[in-house]
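A.B. asks:
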Amino acid sequence: MTVDRLSVQGSVVDAAPSGKKGGAPRARPPRSRLIDWLAVGPFFLFALLFIFLPSLQIFIRSFQDREGHFTFDNIVTAATGVDFVNAYQASLSISLITAVGGAAFGFLLAYAVIMGGLPRALRTFMMTFSGVASNFAGVPLAFAFIATMGTAGLVTRLFEAITGVNPQRDLGFSIYTIWGLSIVYMYFQFPLMVLVMAPALDGLRREWREACENLGGRTYHFWRYVALPILLPSLLGTTILLFGNAFGAYATAYAFSGSFINLVPIVIGAQIKGDVLYNPGLGNALALGMIVIMALCMTGYGLLQRRSARWLR
Amino acid sequence: MPNRRLTRRDFLKFSAAAGGSALLAACGGGAATCDPITSADTIALDTLTECATAEGQLTTIALPHDWANYGEIIETFKTRYSLTINELDPNAGSAEELEAIRANRDNPGPQAPDVIDIGIGRTVTAMEDGLVAAYKVATWDSIPMKDPDGYWWAEYYGALVFECNMDIVETLPVDWEDLLRPEYRGMVAMAGDVLQSNEAVQTVLGAGLSRTSGAFEGAAQAGLEFWAEMNAAGNFVPVIADVGKIAQGETPLTVEWDYLALANRDTLAGNPEIGIVVPQTGVITGPYAGGISAFAPHPYAARLWWEFVMSDEGQLLYLKGYAHPIRFNDMAARGVIPEELAAALPPAEAYANAIFLTVPQLQEANTYITENWRRVVFGE
Amino acid sequence: MRGDLPQIAGTADISRVARRLRRPSSRRASPWAWFWLALGMLYFFVPLVATLEFSMRAVRGRYTFVAFQHILSDPDFYRNFGFSLMWAVITMVISLLLVVPTAYWVHLRLRRLRPVVEFITLMPFVIPAVVLVFGYIRLYGSRPLVLTGSPVLLVAGYIVLSLPYMYRSVDAGLRAIDVRTLTEAAQSLGAGWPTILRQVIFPNLRVALLSGTFLTLAIVVGEFTFASLLVWPAFAPYMEDLGNKKAYEAAALALISFGLTWASIGIIQWLGRGAPGQTQVTGAH
Chain A
1 MTVDRLSVQG
11 SVVDAAPSGK
21 KGGAPRARPP
31 RSRLIDWLAV
41 GPFFLFALLF
51 IFLPSLQIFI
61 RSFQDREGHF
71 TFDNIVTAAT
81 GVDFVNAYQA
91 SLSISLITAV
101 GGAAFGFLLA
111 YAVIMGGLPR
121 ALRTFMMTFS
131 GVASNFAGVP
141 LAFAFIATMG
151 TAGLVTRLFE
161 AITGVNPQRD
171 LGFSIYTIWG
181 LSIVYMYFQF
191 PLMVLVMAPA
201 LDGLRREWRE
211 ACENLGGRTY
221 HFWRYVALPI
231 LLPSLLGTTI
241 LLFGNAFGAY
251 ATAYAFSGSF
261 INLVPIVIGA
271 QIKGDVLYNP
281 GLGNALALGM
291 IVIMALCMTG
301 YGLLQRRSAR
311 WLR
Chain B
1 MPNRRLTRRD
11 FLKFSAAAGG
21 SALLAACGGG
31 AATCDPITSA
41 DTIALDTLTE
51 CATAEGQLTT
61 IALPHDWANY
71 GEIIETFKTR
81 YSLTINELDP
91 NAGSAEELEA
101 IRANRDNPGP
111 QAPDVIDIGI
121 GRTVTAMEDG
131 LVAAYKVATW
141 DSIPMKDPDG
151 YWWAEYYGAL
161 VFECNMDIVE
171 TLPVDWEDLL
181 RPEYRGMVAM
191 AGDVLQSNEA
201 VQTVLGAGLS
211 RTSGAFEGAA
221 QAGLEFWAEM
231 NAAGNFVPVI
241 ADVGKIAQGE
251 TPLTVEWDYL
261 ALANRDTLAG
271 NPEIGIVVPQ
281 TGVITGPYAG
291 GISAFAPHPY
301 AARLWWEFVM
311 SDEGQLLYLK
321 GYAHPIRFND
331 MAARGVIPEE
341 LAAALPPAEA
351 YANAIFLTVP
361 QLQEANTYIT
371 ENWRRVVFGE
Chain C
1 MRGDLPQIAG
11 TADISRVARR
21 LRRPSSRRAS
31 PWAWFWLALG
41 MLYFFVPLVA
51 TLEFSMRAVR
61 GRYTFVAFQH
71 ILSDPDFYRN
81 FGFSLMWAVI
91 TMVISLLLVV
101 PTAYWVHLRL
111 RRLRPVVEFI
121 TLMPFVIPAV
131 VLVFGYIRLY
141 GSRPLVLTGS
151 PVLLVAGYIV
161 LSLPYMYRSV
171 DAGLRAIDVR
181 TLTEAAQSLG
191 AGWPTILRQV
201 IFPNLRVALL
211 SGTFLTLAIV
221 VGEFTFASLL
231 VWPAFAPYME
241 DLGNKKAYEA
251 AALALISFGL
261 TWASIGIIQW
271 LGRGAPGQTQ
281 VTGAH
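Protein chains in written order, with this note's numbering: chain A, 1 to 313; chain B, 1 to 380; chain C, 1 to 285.
(1) For N165/B, name the three-state secondary structure that DSSP assigns.
(2) Taking Cβ positions only, does R374/B come closer than 8 Å to chain A?
(3) What does the alpha-carbon distance come out to for the pair Y104/C and V116/C?
(4) Do the CB positions of G109/B and T84/B come within less than 8 Å of each other?
(5) Listing by chain order, which chain B residues have their CB less than 7 Å from the CB of S257/A?
(6) In angstroms, rounded to a whole number, what distance separates the CA positions of M190/B and N198/B?
(7) By the three-class DSSP mapping on this structure, what secondary structure does L205/C have?
(8) Does at least one heavy atom of the ligand GTP sit under 7 Å from the Cβ of D149/B?
(9) List the whole-angstrom C-beta distance separating T156/A from P167/A, where the pair is believed to meet the contact cut-off of C-beta under 8 Å.
(10) Less than 8 Å separating the beta-carbons of T225/C and L163/C?
(11) Should R206/C be flagged as near chain B, meaning a C-beta pair shorter than 8 Å?
(12) On the CB-based measure, 16 or more other CB atoms within 10 Å of its CB, does Y184/B come out buried or exposed?
(13) Where N165/B and P252/B are concerned, what is the direct C-alpha to C-alpha distance, given to the nearest angstrom?
(14) Residues of chain B with a CB under 9 Å from the CB of G222/C: which are they?
(15) Under 7 Å Cβ to Cβ from T91/C, same chain only, skipping five residues before and after it: list those, please.
(16) So which residues on chain B does S228/C lean against when the C-beta distance must stay under 8 Å?
(17) Helix, strand or coil, according to DSSP, for P113/B in the structure here?
(18) Could you have a look at E256/B and say whether DSSP puts it in helix, strand or coil?
(19) Which of the three DSSP states, helix, strand or coil, is assigned to I292/B?
(20) Quick one, are the C-beta atoms of P238/B and Y176/A less than 8 Å apart?
(21) Within 8 Å (strictly less), CB to CB, does D83/A reach chain B?
(22) DSSP on W373/B, reduced to helix/strand/coil?
(23) In the DSSP output, what is L85/C paired with across the bridge?
(24) Show which residues of chain B have a CB atom less than 9 Å away from the CB atom of V231/C.
(25) The beta strand (DSSP E) that contains M190/B, what's its start and end?
(26) Nearest-angstrom Cα distance between L197/C and P101/C?
(27) How should F136/A be labelled, buried or exposed, when 16 other C-beta atoms within 10 angstroms of its C-beta is the threshold for buried?
(28) Between the alpha carbons of A227/A and G116/A, how many angstroms are there, rounded?
(29) Does DSSP put M127/A in a helix, a strand or coil?
(30) Report yes or no: is there a C-beta of chain A within less than 8 Å of the C-beta of L122/C?
(31) Start and end of the beta strand (DSSP E) containing Q57/B?
(32) Buried or exposed for M193/A, please, with buried defined as at least 16 other CB atoms from any protein chain shown within 10 angstroms of its CB.
(33) Tell me where the beta strand (DSSP E) around T76/B begins and ends.
(34) Let me know the secondary structure DSSP gives Q64/A once reduced to three states.
(35) Residues of the segment 97-108 of chain B with a CB closer than 8 Å to any CB of chain C: list them in chain order, please.
(36) Kindly provide the ranges of any alpha helix (DSSP H) runs that are 4 or more residues long and lie completely inside the segment 99-155 of chain C, ordered along the chain.
As structure tokens, this is what we get:
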């Protein structure tokens with residue numbers, strides 16, 4: 001018992017965030033600059049060739065009209081056209097719903113398998129399943145949900161068998177709404193949350209829990225005063241990640257309801273690929289708008305992640 | 001060097017040179033007929049075959065195998081002329097096809113399409129942007145719908161029909177107005193997306209033409225209003241229908257091209273039973289147009305393809321896929337259409353009121369419908 | 001030793017705490033944990049079951065697996081899946097070689113570059129794949145640099161798409177181990193950089209890299225845009241094509257694909273299980 005307490009005490013001290021570690025000064029070989037470039041050079045070269053240069057197109061073509069002349073029209077239309085303002089509103093709401101909902105339930109799932117005391121095998125199961133599910137999107141996912149809750153879906157038929165009422169045919173209920181699509185989006189939002197939060201939850205040391213109990217705290221106190229404050233930046237950061245993920249989702253939204261639900265990626269797709277609309281300048285301007293929003297999200301995410309990293313070292 | 005006696009070596013050199021140039025002349029004689037093509041005139045079939053074989057490949061785009069029997073058309077062409085066919089994205093829309101041409105302008109590789117198959121309304125853009133090359137196939141004169149200079153020509157057409165899953169749909173609709181009946185609540189869908197698909201735009205237009213009794217004036221607006229009513233009544237299922245959703249029951253009443261509906265009926269083979277109805281009014285036809293990329297890496301193979309597709313044999317293969325070949329009337333007049341193939345289609349009387357719109361009309365309708373769709377139907 | 005004990009008021013508290021310590025709380029299975037898990041499983045599996053139910057209706061009047069048989073006897077299925085699997089592995093390897101040294105260096109030495117690197121790794125989320133692929137074709141498909149015939153562009157596209165996930169796992173892994181101490185220890189034993197990377201960093205990151213490789217595999221197998229527009233016989237275009245033609249087989253294929261990807265990830269997980277856990281490695285604690 002005494003030994004336990006000593007180890008608890010020791011770990012609590014160690015767990016305080018330490019800035020500099022004392023110890024031997026780092027050896028710095030004179031060739032360090034060259035090595036630096038060698039280590040990160042390939043990555044930056046790759047990014048330049050295969051991310052920046054091709055995307056420069058988006059930026060350039062946003063300012064071009066169909067003949068290739070310079071114009072601000074696209075940007076103006078993208079920011080103010082009624083269709084597009086509605087699309088942004090719809091995209092923002094579905095992203096918000098699925099980010100918050102996905103983060104909340106995803107967190108609970110991560111908690112369940114990592115800290116809930118469940119058999120280890122279930123954790124492996126959940127992690128590998130999340131790997132697949134977070135990428136299950138597009139046509140198969142849309143079809144799976146139509147086959148579940150659509151007019152002739154499995155759940156709908158069961159409901160009809162029990163209550164005699166078909167929600168779509170008799171009540172005019174429709175799944176092709178922002179809420180319906182949100183339910184579909186959760187399929188890749190929950191797993192993404194699990195995958196990202198699992199290492200963070202893992203980093204919550206058992207000793208902290210024990211220390212809390214040592215001081216007379218119960219589960220509520222642990223979460224309120226220890227775990228959530230530590231995890232909050234990471235939680236918020238991942239919520240923003242989920243937001244961005246939902247905002248940019250195209251394949252699933254298109255497979256689910258085509259252009260019938262007005263979302264930003266759908267509108268972009270219609271401008272770039274469409275049979276009839278075809279205004280790549282406008283499509284690119286919309287994509288640029290999307291990039292700006294996402295960049296803001298990602299910056300927020302990055303800042304928050306950095307804050308939480310201190311505790312989880 | 002002053003006068004050398006002719007040695008055997010010299011003689012050998014000379015004959016080698018003579019033989020070489022003779023050989024070159026022979027090859028050159030063959031190669032000379034595969035010059036870059038500059039005119040739209042018909043090229044003789046054997047020249048085409050020879051030069052196409054030299055090119056060795058053809059790149060197509062947006063030709064799903066189940067669409068108007070393209071699968072068999074491609075296979076037949078492939079085996080007959082021993083060419084490799086690179087099939088790009090079968091689901092590409094017309095604008096994607098044009099974008100693929102633009103993006104691959106300088107690319108001689110297999111990502112650059114040689115031949116395209118686009119909605120007829122898109123031909124104007126193709127020509128304006130200089131994306132297609134002119135060519136007149138051997139059967140040019142019997143093609144009723146085409147660009148006079150040879151930049152595009154219609155290949156086949158179909159009419160929009162109502163494709164019904166008979167497990168769920170109890171009574172077949174007879175005309176467009178029937179679709180508004182309460183018994184079809186939560187059942188009616190389009191087979192494409194209005195903002196991206198030619199087929200879906202025509203679905204709107206067809207309903208409109210039914211309401212204006214065939215007059216083009218105001219048909220686009222009438223069509224939009226029809227679908228707005230469909231949406232308000234809850235009959236419209238806002239999802240892109242496909243064979244899976246029809247069979248599963250999500251979209252048991254789908255408006256689709258007749259050749260696609262008939263192909264679906266075959267695929268499903270009674271599971272479930274599919275009923276197909278040609279509407280009484282608003283029988284809108286949607287011809288598709290063929291063209292050759294102006295930057296085609298395999299220009300001879302491209303022209304050989306069109307010679308095949310626009311020949312009697314190629315056109316009959318379309319018919320086998322339930323699509324009406326554009327040269328149908330000409331071929332019927334010459335009696336080359338086999339009985340069974342003609343019988344497999346819905347009866348000719350159903351097509352008696354088929355409406356063929358002109359390209360400018362289609363363009364105008366396209367623009368109007370896509371610009372106003374969301375506002376009129378969803379009130380956004 | 002008694003003198004080391006913190007001040008705790010009252011023996012009642014001591015005995016309560018003692019009881020708690022005898023029963024480590026983290027091993028008690030909370031009923032809430034089971035509840036959330038069950039709810040999650042319900043949500044994830046019902047749509048899969050619905051797809052299965054539909055795929056089994058391929059023959060009228062009874063449930064049958066004939067749709068699955070059709071897929072599994074189609075040589076195209078194996079060819080396309082094999083192609084995607086192979087390129088997934090290649091993508092994983094190249095991606096690791098690109099990302100790990102960079103993440104390591106940024107973590108250790110070039111801290112100022114971290115925001116830049118993170119921004120780069122988040123860009124793929126934001127750029128539509130269709131825009132990217134046309135960008136590649138325009139830039140690298142015309143003379144003088146015609147890369148469109150080789151798989152370079154395909155792999156580059158795959159790497160770009162999986163970059164966010166790969167970088168994140170490596171980064172998380174690096175944060176969890178004491179990189180500085182390990183590096184210094186290795187250096188003081190005379191190791192050069194390649195040795196450090198190969199024998200110290202990579203092995204310690206094995207566990208963390210697993211989730212990055214899972215996601216890379218899932219992404220490559222499911223990726224459609226690049227494979228389709230660059231004309232490669234990958235799995236996703238095959239699935240898309242089938243989806244347009246055959247109703248029941250398409251549903252069966254979706255499930256088979258899900259199962260195969262899950263199995264592949266399971267294999268990677270199994271291969272990585274022998275690695276030392278993160279806590280053991282850091283020793284100094």
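Cβ coordinates follow ideal geometry from the N, Cα and C atoms, glycine included.
C.D. replies: Put simply:
(1) Correct three-state label for N165/B: strand.
(2) Chain A contact via Cβ: present.
(3) When rounded, the separation of the alpha-carbon atoms in Y104/C and V116/C is 14 Å.
(4) No, the Cβ-Cβ distance between G109/B and T84/B is not below 8 Å.
(5) The CB of S257/A comes closer than 7 Å to the CB of P238 and V239 in chain B, given here in chain order.
(6) Taking the straight line from one Cα to the other gives about 11 Å.
(7) Three-state DSSP puts L205/C in a helix.
(8) You won't find the ligand GTP in this model; it holds no ligand whatsoever.
(9) In this structure T156/A is in contact with P167/A, their Cβ atoms being roughly 6 Å apart against a cut-off of 8 Å.
(10) No, the pair does not count as a contact, with Cβ atoms beyond the cut-off.
(11) For R206/C, no Cβ of chain B is located within less than 8 Å of the residue's own Cβ.
(12) It is buried - the Cβ of Y184/B has at least 16 other Cβ atoms within 10 Å.
(13) In a straight line, the C-alpha of N165/B is about 5 Å away from that of P252/B.
(14) Simply none; closest approach about 16 Å.
(15) For T91/C, where only same-chain residues beyond five positions count, the Cβ hits under 7 Å are V155, Y158, I159, S162, T216 and V220.
(16) Within 8 Å Cβ-Cβ: L88 and D89.
(17) Three-state DSSP puts P113/B in coil, outside helix and strand.
(18) Look at E256/B here: in three-state DSSP terms it is strand.
(19) The answer is strand: DSSP assigns I292/B an E or B state.
(20) Contact flag set, yes.
(21) Closer than 8 Å to some Cβ of chain B, the Cβ of D83/A qualifies, so yes.
(22) The answer is helix: DSSP assigns W373/B an H, G or I state.
(23) Here L85/C is not bridged, per DSSP, to any residue.
(24) Those are T59, N86, E87, L88, D89, G109, P110 and Q111, listed as they occur along chain B.
(25) Looking at the DSSP string, the run of the beta strand (DSSP E) that includes M190/B is V188 to M190.
(26) Inter-residue distance for L197/C and P101/C is about 7 Å (C-alpha atoms, whole angstroms).
(27) F136/A comes out buried.
(28) Distance between the alpha carbons of A227/A and G116/A is about 14 Å.
(29) Looking at M127/A - three-state DSSP - the assignment turns out to be helix.
(30) L122/C counts as touching chain A.
(31) Note, Q57/B: beta strand (DSSP E), Q57 to I61.
(32) The residue is buried, with at least 16 neighbouring Cβ atoms inside 10 Å.
(33) Element bounds for T76/B: not the beta strand (DSSP E) but the alpha helix (DSSP H), Y70 to Y81.
(34) When secondary structure is reduced to three states using DSSP, Q64/A falls in the strand class.
(35) Listed in chain order, the positions of the segment 97-108 of chain B with a beta carbon within less than 8 Å of a beta carbon of chain C are E99, A100, A103, N104, R105, D106, N107 and P108.
(36) Taking only runs of at least 4 residues, the alpha helix (DSSP H) segments lying wholly in the segment 99-155 of chain C are 114-126 and 129-140.
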